[in-house]
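Chains as they are written, first to last, in our numbering: chain A, 1 to 1022; chain B, 1 to 454.
Here a beta-carbon is modelled for each residue, glycine too, at the ideal position from N, C-alpha and C.
All values reported here derive from a predicted model rather than from experimental measurement.
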Amino acid sequence: MLSEENLPENIEENSSNFKDIFRELHSDKEFNHLYNEALEKRAPLDKNFSRRKFLALLGISAAFAATGCSNYRDKGNIVPYNKKPSEITIGNPVFYASTCNVCSNSCGILIKTREGRPIKIDGNPDHPINSGKICTTGQLSILSLYNPQRIKEPIFNNTQISWQEADKNIIQTLIKTTENGKEIALITNGITSPTYKKLIEGFIKTFPYTKIYSYEITGYTNKINAFKKTYGRESLPSEDFENAKIIVSFECDFLNNYPNKLSVLNKFSKNREIIEKENFNRTYCFESTPTVTGINSDYRIVLRSDILEEFICCLINEFHTVKKLSEYAKNISVINLFSKYILSDFILKNNLSKNVIDNLINDLSNNTGKSLILGGIQLSESTQILIFFLNKILENDKLYSKDKEIKCQYPLIKKADFNNLVEKINNDKIGVLTHIDTNPVYHFNGIFDYIKAIEKVPLVITLTEFESETSAQSHYTLPINNYLESWGDYNYVTGIYSLQQPVISPIYNTRQKEEILLTWIEGTHQNNSYLRYLKNNWEKNLLPAFGFPFDFKSFWINSLNAGVVKTNEKINFTGEFKIEPSELSNKPTSVTTNDYVLIIKENPFLLDGKYANNGWLQEIPHPISKIVWDNYATISPSAAKNLSLNTGDIIEIKKSGKSIKIPVLIQPGNADKVISVELGYGRTKAGIIGSFIGTNPICLLNADKDDLIIKDIEIVKTGNTYELVSTQEHYSLEKYKDIPIKRNIIYEFELDEYRKNHDLINSKEVEGINLKTFPSVNQPHKYDELKWGMAIDLNKCIGCGACAAACNIENNIPMVGKEQVKLNREMMWIRIDRYYTGDINNPSISLQPVLCQHCDLAPCENVCPVAATTHSTEGINGMAYNRCVGTRYCSNNCPYKVRRFNFFDFRDNFKEGFLYSEPLKQLSNPEVTVRSRGVMEKCTFCLQRIMNARDNAVKENRKIEGTDVVTACQEACPTNAIIFGNINDTNSDLNKYRNHKLGYTLLEEIKVKPNITYIAKLRNNH
Amino acid sequence: MSYDATYTKELPLVPERSSFPELDEVVFKPTETKPTRAWYIAFIISSTALLIGALSLGYTLYYGIGMWGNNNTVGWGFDIINFVFWIGIGHAGTLISAILYLFRQKWRTGIARFAEAMTIFAVMTAGIFPLIHVGRPWLAGYLFPYPNQHNVWVNFNSPLLWDVFAVSTYFIISFLFWGLGLIPDIANLRSRTKSGIKKFFYTILSFGWRNSNRHWQHYERAYLLLAGLSTPLVLSVHTIVSFDFAVSVLPGWHTTIFPPYFVAGAIFSGFGMVATVLIVLRKVFDLKHIITIDHLEKMNKILLLTGTIVGYAYAMEFFTAWYSGYQFEQFVFINRAFGPYAWAYWIMIACNVGFPQLFWFKKIRRSIPVMMIIVILVNVGMWFERFVIIVTSLHRDFLPSSWAMYIPTWYDAGIFLGSFGMFFTLVLLFVKLLPSISLTELKAVTENAQPKNH
């Protein structure tokens, strides 16, 4: 308290007290004097806060606190375009047509870009081959563009160098090598680009001692060579799947890996049509391990891979000797060749079902010229020749296109050729070894000791996007553009040219691989030199050859816009079988080996291992085993019992001194004593995502044989175990295998059964109750205008996972890693359930994609305490992420368990924030919220797409239609198994499915009224 | 009332005839003396457990629910198991203090205060779990209906929301009831204490109690009213907790038997816990003549009754599953008893239905060591009951493709341990700071407390 006495002393500290003001008003001179003195002194001192000062500080700190705490979600700057590019309207996507480079199929793609960033790859609807579809790997390959682990600068012996330096040194060496007469080896993938081929020919012209080694480890090399021998063309026939009434596959996974796969899928699915016509082909699949093709076949016959050839010989004998179907029937030499292969003996010996084989024989002989017999990549050239011969006998080459073929621009090499290369290296005949976007160290080191060999080469160059086993062994590692940053042209099928254009300028200091070669040819580097080369080739060579009368500039721009050029090119396929029957040599003597056989299979997603560093692809469950992030050796349940193995036990597979260690998976439907292992795993230098996942089986292959079937292997149980993680089957298969049928989760009927009685599902009763007509106690809601719904045709769904891939990209779904999948915390919004039913050794395998069912009476909605999941007036079960507190009650109460909870911030949790690293963040779809930790999420029926469609409808002053919206999964489904639309539109396609007699909803009896209709699968059995 | 030779005289509630000052001494002794060595050891153990729980919780709050074993199929694990377990523990207290009060069961006086304190602590412990089990606990305020600028209201259809109300009501009423009952005793303490600090707090907490006739009248009236209010809560709280499950569509949860089954189970587990702690307490604080073997025997009878009711419910669940002809329900129950979590089921059956049946024998009812083992087993069994209900129903539901296993982590265990730590820390603080026996009520039931015949 201020008092009269102590005032002078304390005035400093208690400056602007109201008493002061009071005094001031009274003009006390002494006070004024003291006051002024104090004012002078006070300013710097200010030991005690005045009330005003306090308030001011309070105010400013509150303001600071508010600024500091606010806006915590958006830390980035938003910079407007100074000059807006003409093609970009902010908020609207721009689509560019280009060509996919993932495999040699060269599908046309449409790349969605937002504000200059490519964010999604879809099929180009105008492309005649893939007609708007693109496979799982193709869709997810966009991750490679943004992968933070791309090589960003040229590297020489682990040090960063400039392109100029690299160019200078390499060109000098190339010239010197040519002068010395040593070979320059270019190792490349299969070449499908005509201009690239021309470029390579140019390279050979400049450096005449160049040899090209073009190989495809998961390609149909043997079939190409067989076709060359049988019909004289270095290509593959373009087979008419649409008109094939009977398809027989011998280890041929044509729904997964086949030339023009997407076109095959499309045509195959046209033969699984149930809406207008019941148009079914019949598929027989002979295989040792279930594949996508096998499980979708009408007959799946389990057969050891090593006796396939014998079986084919039996069939040949049956058709031409017994049934005398072909012109070769009179040819004594052929009869002699095959007469020892007696089908009935074979059936007996191998315990095959006589019924099924009889049906096969009848079907094939009744459908001559209308069936296809296909052999997989595993089969040797001689087996492929036998298959061509069998097709010829049955006149099936009528289904080979007369004017089109699947081209092989440059001959593919065999393993023997690669062996020659290694020998040449060992003899010091190779001066420069260039790996162009290939990884032979990973592929062949196990067979040829390639690493040891290339140490002797003076100059080893690798052109690659990512660090690889091969780049690690190279002197120069030159970073190349992603295909989304590249120019190119592709011609895979006669008369169809796909163009490739960049949709983003190179993110790093990389060059297109063609540009690098061009630089070496020309001796200097020029920007965009390959674009000029490409345009020049089209203007000077290709365009005149096609006879198009167009002006080049407008042709070029229009073609780039369309992404594809169709020409009148034709081949003349005569169908003349060039091989003499007597040359069908190397036939097997009757094999009775009882040893284990190893068959090496192609992985549906990782292909030859190039995409091992793609976490999304690693996490899409394997179509059959549902295992993620690993490969394994499949083994049949009975063989496992004999060897007392369990899933996860590590075995050692030995073959002639080499061995691999790999965990086993007990695979129902696997042939006895056959082990299958998939390719693409066991990478050692594939970045933090792809390294040390699984095992590479290639080393077990024999260097001189060209098939992927290894006989007489030895299996040793090591006693160690390893955890394989799958998204399904956390229970005993044997005990619960009939549950899916008992619970009416899946229905499967035979086509004939259905033809006789359409009401198979409607008449089905459970405990005397008809599930469909059983009344519900709940009043359904009314949806007057629009109600979204979906149908999934299980006849068409092959389980490829393209829907899941599309969903991941569209909806910014993170990968969570093996550890989290193990804990059952996978995040994918759509999963494909796979059920084994029946005999565990030869089960029927069914598929069912399950996503949010958007139930009318959704059980998740009424239990959410904060109303974060609610129903829209259009029948969509929505999620308000920012309202969700994460009680997980909704997920508990969801009978379909389609809800996914963010147990962590998975982007942060996965590989220490890998998904948050630049530039990977740029991949996110800006139309979909990135969900935070602790939030529930699930399928939204692509709400963002519905909103866009509605915006467009409003702009056009009309009402939104069901057909305006295509969901991401529907767009991606290569067989069109997913149909989306308006339920209230009675004429819609969707309603044809919804009201179909085979339509059913999942778990009908709990009466939650789901809006996803499944169409029961029919098998076209006898 | 005059004695008649034909009537058996009821055993006195406080057997040894003690004078009121003697009772004062005995009851107030723990609050007026320095803690013993045993108390310190107990306190260190329980607060260490609490600390472990706090650390586990800290990690969970920092990284997310992913630290636990919960997954997409089994969305609830230890979090909700513990919640239901602790809420159940609380029920015995309310039953003893409110319902038995209304029924004039005078034997309750020895144990009522303590049981009720346990209710409060159990509900406090339980209350943590709904808060921390959510993915974003910092937004848990969304669970309360408050007017907001988004115009978003809570979903009154959701049983979880009913939980929020049920549990908060339960806590408030129990707390008031307990607090009110404490007033005369605290006033007594206030008058006795010589420590300034104690005096200060006891003065505040005794609300100016002067033992006036008016005070007593108001007090008795308020106590009766609160007892009346608490009584339906004994039934309603666990009924609503059971609705969390019964309202869902999940086989194994979707059962109409749940409310009575849960209430019986809650009382069962509550008595189990009260008995566990009382047995220790009466020994440690030498209250054997106040909390007598008769009290314990009566509690054991209730354990026998409720345990049998719970056993009946287990049996009825199987009967209903069979009788309904509903394959999903049938599967769930067969899976419970013979599936991968069968061990949990049989622990539950043995502890809840099997061992309490021994209480049919008087000898066992009155044997402290046997009783101690059985009541601990009851606690174990009742925890496993919640485990069985929650985990086994969720882990194999409708679509076999989604079936999964639930494996708790160390963090789950840590938080579980922490919940015991919290509960016992609170109990230990309580017995040192407040009278753990309702002295006023006790005095009213001693012999000749209400003199007659003169």
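Residue pairing by DSSP places ILE109(A) opposite SER98(A), GLY123(A) in a beta bridge.
Along the segment 890-923 of chain A, going in chain order, the ones with a CB nearer than 8 Å to a CB of chain B are SER891, ASN892, ASN893, PRO895, TYR896, LYS897, ARG899, ARG900, PHE901, ASN902, PHE903, PHE904, ASP905, ASN909.
Counting C-beta atoms within 10 angstroms of its own C-beta, ALA545(A) has fewer than 16 neighbours from the protein chains shown and is therefore classed as exposed. By a beta-carbon distance limit of 8 Å, PRO260(B) does not contact PHE328(B). Their separation comes to about 23 Å. HIS871(A) sits in a strand when the DSSP states are folded into three classes. Closer than 7 Å to the CB of ARG888(A) there is at least one CB belonging to chain B. Taking each of LEU182(B), ALA264(B), THR276(B), LYS432(B) in turn and checking the Cα distance to TYR314(B), the smallest one comes out for ALA264(B). For GLY962(A), the CB contacts under 6 Å within the same chain, skipping 5 residues up- and downstream, are GLY981, ASN982, ASP985, SER988 in chain order. The beta-carbon distance between SER305(A) and GLN378(A), rounded to whole angstroms, is 7 Å. This is short enough to meet the 8 Å contact definition.
Around the beta carbon of GLU765(A), fewer than 16 other beta carbons sit within 10 angstroms, so the residue counts as exposed. For ASN877(A), there are no neighbours in chain B by C-beta distance under 8 Å, as the nearest C-beta there is about 14 Å away.
Counting C-beta atoms within 10 angstroms of its own C-beta, LYS822(A) has 16 or more neighbours from the protein chains shown and is therefore classed as buried.
Assigned with DSSP and collapsed to three states, PHE420(B) falls in helix. For LEU733(A), not one C-beta of chain B is nearer than 7 Å to its own C-beta. When only Cα atoms are considered, TYR993(A) and ILE713(A) end up about 50 Å apart. Interface with chain B (7 Å Cβ-Cβ cutoff): VAL863(A) is included.
The CB of GLY228(B) never comes closer than 9 Å to any CB in chain A; the least such distance is about 29 Å. DSSP lists GLU765(A) as the beta-bridge partner residues of ASN770(A).
DSSP, reduced to helix, strand and coil, places GLN618(A) within a helical segment of the structure shown. Residue ranges of uninterrupted beta strand (DSSP E) with 3 or more members, entirely inside the segment 384-431 of chain A and ordered along the chain, are 400-407.
The C-beta of THR392(B) comes no closer than 7 Å to any C-beta of chain A. Just measuring C-alpha positions, the residue of ILE183(B), LEU55(B), MET371(B) sitting nearest SER212(B) is ILE183(B). TYR400(A) and ASN976(A) have their alpha carbons spaced roughly 25 Å apart.
In the DSSP assignment, GLU748(A) falls within the unbroken beta strand (DSSP E) covering 748-750.
Secondary structure of VAL388(B) (DSSP, three-state): helix. At a beta-carbon threshold of 7 Å, the residues of chain B lying near ILE1006(A) are VAL249, ordered along the chain. The residue among ASP126(A), LEU255(A), LEU915(A), LEU174(A) with its C-alpha nearest the C-alpha of THR136(A) is LEU255(A).
Taking each of TYR59(B), LYS199(B), GLY196(B), ALA187(B) in turn and checking the Cα distance to TRP209(B), the smallest one comes out for ALA187(B).
Ranking ASN491(A), ASN105(A), LYS540(A), ALA472(A) by CA distance to the CA of ASN158(A) puts ALA472(A) first. Rounded to whole angstroms, the separation of the alpha carbons of CYS107(A) and ASN101(A) is 8 Å. Within the segment 291-320 of chain A, no residue has a Cβ lying closer than 9 Å to any Cβ of chain B. Within chain B, the residues placing a beta-carbon under 7 Å from that of GLN728(A) are SER401, ordered along the chain. The three-state secondary structure of THR409(B), taken from DSSP, is coil. Beta-carbon to beta-carbon, LEU786(A) and GLU874(A) are separated by about 5 Å, close enough to satisfy the 8 Å threshold.
Straight-line spacing of the CA atoms in ASP240(A) and ASN568(A) works out to 19 Å. In the structure shown, CYS699(A) falls within a helical segment according to DSSP collapsed to helix, strand and coil.
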